[in-house]
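**Student:** Below is one structure. I have some questions about it.
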Amino acid sequence: MKRIVLVFVLAILLPAILLAALALRSLRDQELVLDSQRTRLHQSGCDALADRINLFLDDLRGFHSQLVEELVAEEGTRIAEDFDERVRDQWSQAAAAAVVRDGTEILSPRPEPGTRAAAFLEDHADFLTNRRVVEIYQAPRPLSREVETDTPEREKQEGLATRGVPVAKAAPSQKWKVEAYDRRSAPPAPAPVAAPATDAYARIEDASDAATTPRFRSVTPAQQRSLTEEGLADDPTLSAPVPPANLSALVPETVDNRQVTAGGNEGAVSRLLDGELHILLWKRHPGDPRLTFWTELDLAAVRSDLAGIFAEPQSAALSREAAFALLDSDAAPVARTVSGFAADWSAPFVASEIGPLLPRWEVAAYLLDPSSLNAAARRVRLTLWIAILALLGAVAGGSALVLRSVGDEMRMAARKTDFVGNVSHELKTPLTSIRMFSELLGGAESQEPGKSRQYAEVIERESGRLARLIDRLLDFSKLDRGEMRLNPAPLDLGGLAREIVGDFKGQGEAAGMKVELSIPDGGGPQVSGDRDALAQVLLNLLGNAVKYAASGGVVSVEVAAGPDRATLSVVDRGPGVPRAHQRRIFERFYRVDDSIASGVDGSGIGLALCRHIAARHGGSIRYETRKGGGSVFTLELPLLA
Ligand code: ADP
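For the sequence shown, our numbering begins at 1 and goes up steadily by one.
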């Protein structure tokens with residue numbers, strides 16, 4: 001049994017548990033893959049929109065450069081005086097403009113009180129004349145080793161960056177279009193730049209500006225939150241650590257005006273003044289590099305153009321699952337792809353920083369129905385758990401059945417072994433008597449004549465017993481092979497009982513037992529049955545009464561008729577069958593005590609035979625404890641119609 005349990009555990013239980021664990025693991029992996037696919041999809045949506053915005057800003061810079069060239073061509077040196085006016089006339093997106101000589105002197109406009117020009121000069125004059133350094137934002141350094149191996153390009157970029165020129169870096173998800181400085185058209189060797197912030201008149205912007213330095217993003221994307229939560233921030237395979245949840249990848253840098261314009265002919269720069277964004281475009285005079293034209297963009301106009309980008313159909317079609325929004329530096333929505341959509345703007349699913357020209361601005365994606373994703377995931381998980389539990393339940397149930405049937409088989413095998421022992425014992429007893437009395441008979445000549453008759457009688461009786469025993473074994477083997485033939489015919493059960501009891505009386509008395517009979521007045525009842533088979537049932541029951549209940553002194557056979565059934569009961573006053581065995585005494589080979597232990601011969605097939613014969617007649621046989629002690633075996637047969 002132990003081996004069976006071991007085989008069962010190794011062959012069924014362990015593989016089943018392993019399969020369940022694998023299924024759960026693969027589900028988790030699948031969820032992770034789906035999650036990362038979703039993240040990548042929406043991240044690429046954000047990146048695409050950010051690229052689109054940077055292209056738009058680049059177009060503005062290009063337009064500015066073209067406009068300056070046209071105005072210079074049209075007006076010649078006069079343009080140094082009325083640049084502000086002309087630019088605003090020709091370009092609705094321009095808020096104010098100025099011309100600066102040598103990075104120290106503003107040639108125009110005049111700060112006439114109350115005008116836009118006055119406000120512009122108030123904000124930017126110090127910077128334009130190099131009396132104040134400002135903080136600008138650089139594209140991030142690459143995060144992965146792969147990108148870092150691109151050394152020559154990187155060195156070139158870093159070289160430019162240290163000179164205050166924002167350049168594009170090839171970081172995978174941050175390929176920002178910040179080539180605001182047309183390096184292809186840069187003059188071959190610009191004048192060497194003075195070391196930043198060391199000029200006597202350059203000073204750091206005031207504390208409130210420094211405090212607004214956008215080192216932290218205005219949003220915390222869920223995807224980055226989970227990166228930090230999962231401890232991936234310390235992943236050793238990344239050369240640079242993943243930034244904490246909402247740290248900006250933009251690098252703030254303090255530069256002065258000359259650093260900004262060094263190394264190029266045109267460009268753009270953004271400043272955050274008191275938290276307010278100012279985008280400045282600049283262009284060098286094509287013929288006189290000492291003159292620089294500066295134009296501030298009208299932020300309201302730029303905002304509405306950006307809103308237009310988000311309203312374009314291809315932006316709206318980016319994803320069915322998510323809405324995209326453009327957020328300003330306060331994480332307030334400037335534009336969105338799904339009109340009327342609202343969310344906790346600072347907690348998007350994923351987001352992309354746009355670039356140095358829109359510091360702290362973000363393109364953010366929000367799941368339209370986050371709960372539906374969770375619900376779908378929950379549903380899949382639940383289904384899998386149900387399947388696993390069903391599988392384990394089936395394994396457990398199947399195993400219980402297998403173990404039970406194996407147990408039954410083993411018990412039956414043990415019982416068969418007992419049976420062989422019991423039968424041998426049963427056969428041996430009459431054979432011993434026969435041999436003993438044959439020997440006595442052989443020497444009987446010298447004895448009294450009465451003795452030899454007595455010996456012959458014993459031999460006859462014992463050989464009869466042997467024959468009956470063998471008949472029973474043969475019957476049982478026929479029954480076992482399903483070959484037992486019955487010849488049913490109308491039969492008077494009372495008459496049969498009277499006959500058998502009559503024949504049995506002598507045997508009962510020999511064992512010290514009185515055999516009584518009770519049948520209904522007028523005979524009957526009538527049944528349809530095989531006479532020999534039913535006689536064998538009654539003989540078996542009477543034989544058992546003699547074997548086990550001789551102490552009771554009396555055994556009665558009672559025949560009765562119910563409304564549709566006839567009953568034949570054999571009632572004794574013996575010890576009865578202990579409760580624990582009552583259900584099993586009709587099983588094949590079952591004995592309460594074996595022959596050797598009890599001293600009573602038997603093979604455990606008598607009652608099994610009775611039950612089979614009863615069933616073949618459409619009836620049944622049952623055991624009941626008799627009140628006051630003893631057994632009642634009742635054969636029940638259908639009445640003859
Ligand atoms: P066996 O050959 O052992 O008699 P049976 O199938 O006839 O086989 O009986 C099965 C068991 O039922 C017996 O071993 C005995 O313990 C019990 N049994 C049968 N009849 C009686 C009875 N009248 N009184 C007590 N026990 C009985």
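Ideal Cβ placement from N, Cα and C applies to all residues, glycine included. Computed from a prediction, not measured in an experiment: that's the story for all the values here.
Taking one C-beta from the region 452-460 and one from the region 491-500 each time, how about it: are there three or more such pairs within less than 8 Å?
**Tutor:** No contact exists between the region 452-460 and the region 491-500.
**Student:** Between the beta-carbon of G508 and the beta-carbon of V546, is there less than 8 Å?
**Tutor:** yes
**Student:** By Cβ distance, which residues of its chain are closer than 8 Å to F63, with the 5 residues on each side in sequence left out?
**Tutor:** Here the set comprises W91.
**Student:** Output yes or no for whether 8 Å exceeds the beta carbon distance between N422 and G604.
**Tutor:** yes
**Student:** Over what stretch of residues does the alpha helix (DSSP H) that includes K514 continue unbroken?
**Tutor:** Careful: K514 lies outside any alpha helix (DSSP H), inside the beta strand (DSSP E) at K514 to S518.
**Student:** In whole angstroms, what separates the C-alpha of Y590 from that of A549?
**Tutor:** 18 Å
**Student:** Starting from A641, follow the alpha helix (DSSP H) in both directions and report where the run begins and ends.
**Tutor:** Element bounds for A641: n/a, residue is neither H nor E.
**Student:** In chain order, which alpha helix (DSSP H) runs of at least 4 residues are fully inside the region 262-340?
**Tutor:** 299-311 and 313-316
**Student:** Confirm the yes/no value for this check: CB of L622, any heavy atom of ligand 1, distance under 7 Å.
**Tutor:** The displayed chain sequence assigns Arg, not Leu, to residue 622. Result no, Cβ not under 7 Å from ligand 1.
**Student:** Using the rule of at least 16 other Cβ atoms within 10 Å of the residue's Cβ for burial, across every protein chain shown, is I386 buried or exposed?
**Tutor:** exposed
**Student:** Hey, is L496 close to ligand 1, as in C-beta under 7 Å from one of its heavy atoms?
**Tutor:** no
**Student:** DSSP on Y590, reduced to helix/strand/coil?
**Tutor:** Annotated three-state conformation of Y590 is coil, per DSSP.
**Student:** Under DSSP, the beta strand (DSSP E) around L367 begins and ends at which residues?
**Tutor:** L358 to L367
**Student:** Go through its chain and collect everything with a Cβ distance to L107's Cβ below 6 Å, but skip five positions before and after it.
**Tutor:** A80, V99 and R101
**Student:** Pick helix, strand or coil for G355, following the three-state DSSP scheme.
**Tutor:** strand
**Student:** Answer yes or no: do I459 and S477 have a C-beta to C-beta separation smaller than 8 Å?
**Tutor:** no
**Student:** Is it the case that the CB of K547 approaches a heavy atom of ligand 1 more closely than 7 Å?
**Tutor:** yes
**Student:** For S254, list the residues DSSP reports as bridge partners.
**Tutor:** Inspection of the sequence shows that residue 254 is occupied by Thr rather than by Ser. Under DSSP, the beta-bridge partners assigned to T254 are E135.
**Student:** Does the Cβ-Cβ distance between T220 and A97 come in under 8 Å?
**Tutor:** No, the Cβ-Cβ distance between T220 and A97 is not below 8 Å.
**Student:** DSSP three-state label for V5, please.
**Tutor:** helix
**Student:** Do the region 582-589 and the region 537-544 meet, that is, are 3 or more Cβ pairs less than 8 Å apart?
**Tutor:** Taking one beta carbon from each stretch, the region 582-589 and the region 537-544 have fewer than 3 pairs nearer than 8 Å; the two do not touch.
**Student:** Taking contact to mean 3 or more Cβ pairs, one atom from each stretch, closer than 8 Å, check whether the region 529-543 and the region 503-520 are in contact.
**Tutor:** yes
**Student:** Pull up the distance between the alpha-carbon of I613 and that of D530, whole angstroms please.
**Tutor:** 9 Å
**Student:** Express the C-alpha separation of Q93 and V334 in angstroms, rounding to a whole number.
**Tutor:** In a straight line, the C-alpha of V334 is about 17 Å away from that of Q93.
**Student:** For ligand 1, is there a heavy atom less than 7 Å away from the beta-carbon of V571?
**Tutor:** no
**Student:** Kindly indicate which three-state DSSP category Q93 falls into: helix, strand or coil?
**Tutor:** coil
**Student:** Grab me the residues of A16's own chain with a C-beta within less than 8 Å of its C-beta, minus the 5 sequence neighbours each way, in chain order.
**Tutor:** L391, L392 and V395
**Student:** Within a Cβ cutoff of 6 Å, which residues of the same chain sit near P152, ignoring the five residues on either side of it in sequence?
**Tutor:** With a pLDDT of only 41 at P152, under 50, the local geometry of the prediction cannot be trusted, and no value is derived from it.
**Student:** Within its chain, find whatever has a CB closer than 6 Å to the CB of D206; leave out the 5 residues flanking it on each side and keep chain order.
**Tutor:** The predicted model places D206 with a pLDDT of 39, which falls under 50 and marks its position as unreliable; any figure quoted below should be read in that light. Same-chain partners within the cutoff: there are none.
**Student:** Please list the terminal residues of the continuous beta strand (DSSP E) segment that includes E624.
**Tutor:** S620 to T625
**Student:** Mapping DSSP to helix, strand and coil, what is L635?
**Tutor:** Correct three-state label for L635: strand.
**Student:** Is DSSP giving F349 helix, strand or coil here?
**Tutor:** coil
**Student:** With distance defined between alpha-carbon atoms, name the residue in V592, A580, L534 and D594 nearest to T567.
**Tutor:** L534
**Student:** Any heavy atom of ligand 1 closer than 7 Å to the CB of D521?
**Tutor:** no
**Student:** Residues bridged to I106 by DSSP?
**Tutor:** V100
**Student:** Since T625 and S569 should fall inside the 8 Å C-beta cutoff, what is the C-beta to C-beta distance between them, to a whole number of angstroms?
**Tutor:** The Cβ separation is near 13 Å, so there is no contact.
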